[in-house]
Amino acid sequence: MSSAQISQRQQGRLLVNKPESKHLPIPQGAKLNKRPLPNLPIVRQSRNATASDAPTADLDGYQMPPRAAHTTVIKVTAKTPFMAIIKRAQKALDNGPQKTKGLPLTSRIAALGVNSGGSKDQSQGVTTDALDDVVLIATGKAIQRAFEAAFFLRRNKELLVTFRTRTVSAIDDIMMDDDEADVEDQVRVRQISCVEIGVRWK
Amino acid sequence: MDRSSKNSGGKLPEVRKRKDAPAGTNSQQTRPNNSRANKRVKFQDARNIRSQPPDAALDDGRLDLEKFLKAREYEIKALESSMQKCKEVNATRVFQQVPRAMRRRTASHNVKRVPKRLRGRARREMIEDNTPTVESRRRRPRTTRARIRAETAKRLGMLAAKQRRKRTEKAAVEGKEVAATPEVIQSRAPRPKIRRNVLNDPPKTTSKFRKRQVNKTWLPTHLWHSKRARMTEPGKPLWRFAIPLTPTEKCYRPTHRASGQKGAVVWDTSYMSTIGLYGLTEGAKRVLRALGLTQEALWGARGQKWRAGLRKWSGFLSKRRKDGRRNIGPATIVWNPEAPTDEGESVESTPPTNSQKQLLIRTHPACFLEVFNELLKLARMQSPQMHIEDLRFEIGSIEIVGPGSTEALIGILKPYYDNVEVEGCQGRIFESLAEVTNPSSLPKDAALAFSIRDPRLSYPPKRVAIPSGMDQSLVETLTNWPIEQHLQPYGLYDRNARHKASQLPSQKSINRRKGSSLPGKELCVTSADPPIPIMLLASRPEMTGQAQGVWTLLAPWKCILPIWYSLMHYPLSTGGNPRLGGLDEQRQVAFEQGSPWFPGDFPGTDAGVDWELRSREKRRSAWDRRPKGKRVEWKSLELGGGRKGEVGDGLACDFEYLFRLPKGAESNARVMGSSAGDDPDSMELDHPEEGDRVLSSKAHPPHPFAMIAHITKSVFNEFTSAPDATTLPQHSIVTVGLGFVSRGVANTCARIYRLPTRAQFVSEPSTQAEVPATDPPPPTSPEALPYDLKEQWLLKLQPTSQQRGRHPPAPPRMPPGADIQTRKRLQARSISAGEFPTGPKAKANQTDIGTHPLCPGEEDLIGFVTTGSFCLSEGKGMAIGSISAEKAAESLKMGAEEGKLCIVRNAGENVGWLARWELV
Numbered sequence: 001m002s003s004a005q006i007s008q009r010q011q012g013r014l015l016v017n018k019p020e021s022k023h024l025p026i027p028q029g030a031k032l033n034k035r036p037l038p039n040l041p042i043v044r045q046s047r048n049a050t051a052s053d054a055p056t057a058d059l060d061g062y063q064m065p066p067r068a069a070h071t072t073v074i075k076v077t078a079k080t081p082f083m084a085i086i087k088r089a090q091k092a093l094d095n096g097p098q099k100t101k102g103l104p105l106t107s108r109i110a111a112l113g114v115n116s117g118g119s120k121d122q123s124q125g126v127t128t129d130a131l132d133d134v135v136l137i138a139t140g141k142a143i144q145r146a147f148e149a150a151f152f153l154r155r156n157k158e159l160l161v162t163f164r165t166r167t168v169s170a171i172d173d174i175m176m177d178d179d180e181a182d183v184e185d186q187v188r189v190r191q192i193s194c195v196e197i198g199v200r201w202k
Numbered sequence: 001m002d003r004s005s006k007n008s009g010g011k012l013p014e015v016r017k018r019k020d021a022p023a024g025t026n027s028q029q030t031r032p033n034n035s036r037a038n039k040r041v042k043f044q045d046a047r048n049i050r051s052q053p054p055d056a057a058l059d060d061g062r063l064d065l066e067k068f069l070k071a072r073e074y075e076i077k078a079l080e081s082s083m084q085k086c087k088e089v090n091a092t093r094v095f096q097q098v099p100r101a102m103r104r105r106t107a108s109h110n111v112k113r114v115p116k117r118l119r120g121r122a123r124r125e126m127i128e129d130n131t132p133t134v135e136s137r138r139r140r141p142r143t144t145r146a147r148i149r150a151e152t153a154k155r156l157g158m159l160a161a162k163q164r165r166k167r168t169e170k171a172a173v174e175g176k177e178v179a180a181t182p183e184v185i186q187s188r189a190p191r192p193k194i195r196r197n198v199l200n201d202p203p204k205t206t207s208k209f210r211k212r213q214v215n216k217t218w219l220p221t222h223l224w225h226s227k228r229a230r231m232t233e234p235g236k237p238l239w240r241f242a243i244p245l246t247p248t249e250k251c252y253r254p255t256h257r258a259s260g261q262k263g264a265v266v267w268d269t270s271y272m273s274t275i276g277l278y279g280l281t282e283g284a285k286r287v288l289r290a291l292g293l294t295q296e297a298l299w300g301a302r303g304q305k306w307r308a309g310l311r312k313w314s315g316f317l318s319k320r321r322k323d324g325r326r327n328i329g330p331a332t333i334v335w336n337p338e339a340p341t342d343e344g345e346s347v348e349s350t351p352p353t354n355s356q357k358q359l360l361i362r363t364h365p366a367c368f369l370e371v372f373n374e375l376l377k378l379a380r381m382q383s384p385q386m387h388i389e390d391l392r393f394e395i396g397s398i399e400i401v402g403p404g405s406t407e408a409l410i411g412i413l414k415p416y417y418d419n420v421e422v423e424g425c426q427g428r429i430f431e432s433l434a435e436v437t438n439p440s441s442l443p444k445d446a447a448l449a450f451s452i453r454d455p456r457l458s459y460p461p462k463r464v465a466i467p468s469g470m471d472q473s474l475v476e477t478l479t480n481w482p483i484e485q486h487l488q489p490y491g492l493y494d495r496n497a498r499h500k501a502s503q504l505p506s507q508k509s510i511n512r513r514k515g516s517s518l519p520g521k522e523l524c525v526t527s528a529d530p531p532i533p534i535m536l537l538a539s540r541p542e543m544t545g546q547a548q549g550v551w552t553l554l555a556p557w558k559c560i561l562p563i564w565y566s567l568m569h570y571p572l573s574t575g576g577n578p579r580l581g582g583l584d585e586q587r588q589v590a591f592e593q594g595s596p597w598f599p600g601d602f603p604g605t606d607a608g609v610d611w612e613l614r615s616r617e618k619r620r621s622a623w624d625r626r627p628k629g630k631r632v633e634w635k636s637l638e639l640g641g642g643r644k645g646e647v648g649d650g651l652a653c654d655f656e657y658l659f660r661l662p663k664g665a666e667s668n669a670r671v672m673g674s675s676a677g678d679d680p681d682s683m684e685l686d687h688p689e690e691g692d693r694v695l696s697s698k699a700h701p702p703h704p705f706a707m708i709a710h711i712t713k714s715v716f717n718e719f720t721s722a723p724d725a726t727t728l729p730q731h732s733i734v735t736v737g738l739g740f741v742s743r744g745v746a747n748t749c750a751r752i753y754r755l756p757t758r759a760q761f762v763s764e765p766s767t768q769a770e771v772p773a774t775d776p777p778p779p780t781s782p783e784a785l786p787y788d789l790k791e792q793w794l795l796k797l798q799p800t801s802q803q804r805g806r807h808p809p810a811p812p813r814m815p816p817g818a819d820i821q822t823r824k825r826l827q828a829r830s831i832s833a834g835e836f837p838t839g840p841k842a843k844a845n846q847t848d849i850g851t852h853p854l855c856p857g858e859e860d861l862i863g864f865v866t867t868g869s870f871c872l873s874e875g876k877g878m879a880i881g882s883i884s885a886e887k888a889a890e891s892l893k894m895g896a897e898e899g900k901l902c903i904v905r906n907a908g909e910n911v912g913w914l915a916r917w918e919l920v
């Protein structure tokens, strides 16, 4: 992909999700094999990630915010049970460093008071640092499930839930079903939508 | 104010398990008394719970809330810490504090076996409570043999001392100085002999361990494993190797997690056998075709990358026999790329010349000898002749599976050459894969080969930086897979390169170099550090989907150990280190991915027959050991419908019974005579003949089990699509995966039935207008099964996913408080509607087994389960089994959906469960 194309994309003329030409239909007798998504981390605590890691931009120009050292990434699939997501998120939130945890009692009370007083800019404005305690990642069909979980978590007034959308490249192999067929396998890239939901203590 | 808690004094310090230490030496006299006094103080201290006076919270008579809260917080903390301290001071010993992963050391009474930081405490504790400690080296010999050994050692020591004294005296007389160090003669390390077309010797071990390896070979990591895993018994090696069976630590669920969700599991699979095949391209082609690689795709454009050495091929090898082909076992084949010629560097432009080629064939040790003999026969038939080399002890391998596998490998395998021109770009491409959490994301059957640095130079391994996942370069690499650039022949095929890599500098010299460099700094590569040629193979599981693939790392035999140490200490980004796995874990991972495991799940191959007969013996001896009242009595098993007794042998996957084969005599219970040097386990190392021995099955009368033939999925599919054109070999079986429809867990040896198919019971034209469906007429003879048995089983399919939540409607009950008239009326109505059974109640187990449909008859038996249990990845029972190919094809004619339904019943149980089979 040339740099001109990228700049065009960034100007908004072309969209990644709407490529100018569609893929050809799968040839007769071939089947599509979806490879596992290569660049979606499974449960991974990125302890080595620091804020100084220079983030690279996505095709859309989206830059992934730096993750906190303790961030727990939960991958949500279409088959993940709802309560399992909630429990894992809750566990990670409870075990992770809470902002008021080590403070003396008075300052904890004070901190609570500030929050209950309602600083509107924090709860409403778009957060930029995204040092989340828990990140739910879902693609395609699972996005709905991730949102359900996110809205469930949002009922807890002490939690801040943010949503970010991404486009992720998936790779498909097109293989001939018949072993005897002498046609080389093809590889295709498919763009799928992805949502990242950050959850953290306010 | 101090109060001692009343409830914590459960155990007095005086109550002791052991006697006091005898008042012997001075140190022992004083120390225990001292320590006992110390201990008492410690106990008192632990049991004190500090609290604050209530008036501390008062501020001039007013309650200061914050002070009050702080006081209570302090008290709660004091209570908690006292509870903790009491626990610690009371009972625990150092051995119990060792982490779970080090538990192998806990039962020991040897202080040296606990970690260093705890050693002092352990020694003190043992002196305090007078634990008898014996150093095994100094123990008084008990057996005659040991006594003789000890005496000989003593006498030899005396002799040596005498000689030494004499020598010094002689030197003193002659006035010569005794040389401080003997002269060192520099010698070239001998290159191991690799003979052509013959089996090779295992590597020479140090004399200390040689006696233990007479009838087996140790893996390169044996000493490491034997401390952490249960190995095969010394007298009963598996496939002529001492193989770790399972870690001593309990690890079923951790292995499941590490292999699928978080972490990695590593195996030393150096026992896998490698064979080198050398010769002209055409000859190699013919040999491989004769081994069953007959698909045209492999030899056309589609297999071009494989033949260029850029991909691997994995599949089943087979050999020709009088009555058709017989499968041998799974193998992986990789070609060595040719050196680029001047005119055309790219793979596409090289003309198909008949040039010299090298191939590696990696196979399982259970079928190694069979493959070797077959290859030898085929290689000699070619003209010009090809030749083969037995590289079993030249090339070792490590397998690693799990989301952290790629990361861990990248962390320890550092390419030796920075320059792409020297060795191609495969090392660099491998390093760019750090984000990949599943080797299945790589192109199918990807193979990478490059040279690495000695992993000890950068020991301890450091966590690799994982890019954020935003970059498109990874996707581009994975789609294009540009590994052809500057392609060179792989070093692993080169005997000299392997030998050079085996000459790694000693650990001592590495330590010396480390000591002289700055702490924490990686060592630079010097001329003393040879490049280690390796090859990485990425394989996908059989079933498509998101299941984890496996990395296989091939390296020279002697380089496996340093790589292993680094790998086991790699800090994964998800926390922890890669886990250790044994043979059981390998079977577990294969089972959870739904793929069969060789040889256990392939009873139709020679290796599988051997495995099955062996496990039969094991099951039988376990059954024999149980008391009579506690073991299954096969003859009295009631199968319902008047049938009694287990179908076939309950302790076996009784395929002989299924195919009505003659019973084998007990004398040749094993296909491959256990005493002769015929089976892969008792392969003689010093073979006089040139390896062209025939398999035992020809020498001895074969076990009837050996007449059963395994066929692959593709052969079976060919047959079902065109049953007239192709024929199945006699007594052929096909491997299937079984998933239960609702409930049920199968064990090994469970019986697989198809849905009842026999001619249905024709009810004579009855006088009754209609026969109620729920109440079939009682069978005429005790042998007859209910005529609607198939429908009964199909009813089990009914609760679909939408209905699963609902309960079946409750049977009607009398309304409470109804008078006798109403009751009578309701009863009469219900009888006429058929809600209550009318006729005489059938005998137990006649028409059903506790409302469960009866098992089909013997004529519907189609196969047996070879592996089965509750599957953690599916959350329900799963199994792998083998079924008769003929009967499977027959039942497929009923329809693709219904034909794949079967009933699985555990051996010794009378209840079967509905399942679906799927070819694997």
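Protein sequence lines, in the order shown, are assigned to chains A and B.
Be aware that the first sequence starts at 1, since it is given in UniProt numbering, and climbs by one per residue.
Be aware that the second sequence starts at 1, since it is given in UniProt numbering, and climbs by one per residue.
Where a beta carbon is used, it is the ideal one built from N, C-alpha and C, also for glycine.
Quick caveat: nothing in here was measured; it's all calculated off a predicted structure.
Extent of the continuous alpha helix (DSSP H) run through residue i
i: B/Tyr-459; result: Careful: B/Tyr-459 lies outside any alpha helix (DSSP H) and carries neither H nor E.
i: B/Val-475; result: 473-480
i: B/Asn-373; result: 368-381
i: A/Gln-90; result: 82-95
i: B/His-499; result: 495-502
i: B/Gln-356; result: No alpha helix (DSSP H) contains B/Gln-356, which is instead part of the beta strand (DSSP E) from 356-363.
Distance, residue j Cα to residue i Cα
i: B/Ser-270; j: B/Arg-428; result: 26 Å
i: B/Val-173; j: B/Leu-156; result: 26 Å
i: B/Glu-542; j: B/Val-420; result: 34 Å
i: B/Lys-414; j: B/Pro-533; result: 11 Å
i: A/Gln-124; j: B/Glu-75; result: For A/Gln-124, the predicted model reports a pLDDT of 40, less than 50, meaning its position is unreliable; a value from the coordinates is still stated below. For A/Gln-124 and B/Glu-75, the distance between alpha carbons rounds to 41 Å.
i: B/Ala-284; j: B/Leu-376; result: 12 Å
i: B/Val-632; j: B/Gly-899; result: 32 Å
i: B/Leu-310; j: B/Ala-538; result: 12 Å
i: B/Leu-360; j: B/His-256; result: 32 Å
i: B/Ala-23; j: B/Lys-116; result: Because B/Ala-23 sits at a pLDDT of 47, beneath the cut-off of 50, its placement in the model cannot be relied upon, and the point is left open.
Strand pairing of residue i, partner residues [DSSP]
i: B/Gly-817; result: DSSP lists no partner for B/Gly-817.
i: B/Gln-163; result: Answer is none; B/Gln-163 lacks a bridge partner.
i: B/Asn-327; result: B/Ser-318
i: B/Cys-902; result: B/Arg-754 and B/Ala-915
Enclosing beta strand (DSSP E) for residue i [first to last residue]
i: A/Leu-32; result: 30-34
i: B/Val-741; result: Per DSSP, B/Val-741 belongs to no beta strand (DSSP E) and is neither H nor E.
i: B/Gln-97; result: Not the beta strand (DSSP E): B/Gln-97 falls in the alpha helix (DSSP H), residues 94-97.
At 3 residues or longer, and completely inside the segment 230-275 of chain B: list those beta strand (DSSP E) runs for me, N to C.
The segment 230-275 of chain B contains these whole beta strand (DSSP E) runs: 244-247 and 265-268.
Say whether the segment 272-289 of chain B touches the segment 380-397 of chain B, bearing in mind that this needs 3 or more beta-carbon pairs closer than 8 Å, one atom from each stretch.
With a cut-off of 8 Å, the segment 380-397 of chain B and the segment 272-289 of chain B count as touching, because enough Cβ pairs lie within range.
Evaluate the contact criterion for the segment 204-217 of chain B versus the segment 545-565 of chain B: three or more CB pairs, one atom per stretch, below 8 Å.
Counting Cβ pairs under 8 Å, fewer than three are found: no touch.
Take every Cβ of the segment 578-595 of chain B, pair it with every Cβ of the segment 225-234 of chain B, and state whether three or more of those distances are shorter than 8 Å.
With the cut-off at 8 Å, the segment 578-595 of chain B and the segment 225-234 of chain B touch.
Inspect the CB distances between the segment 524-531 of chain B and the segment 495-510 of chain B and report whether three or more fall short of 8 Å.
A contact exists between the segment 524-531 of chain B and the segment 495-510 of chain B.
Would you list, in sequence order, the uninterrupted beta strand (DSSP E) runs of no fewer than 3 residues that lie entirely inside the segment 375-442 of chain B?
Correct list: 387-390 and 395-401.
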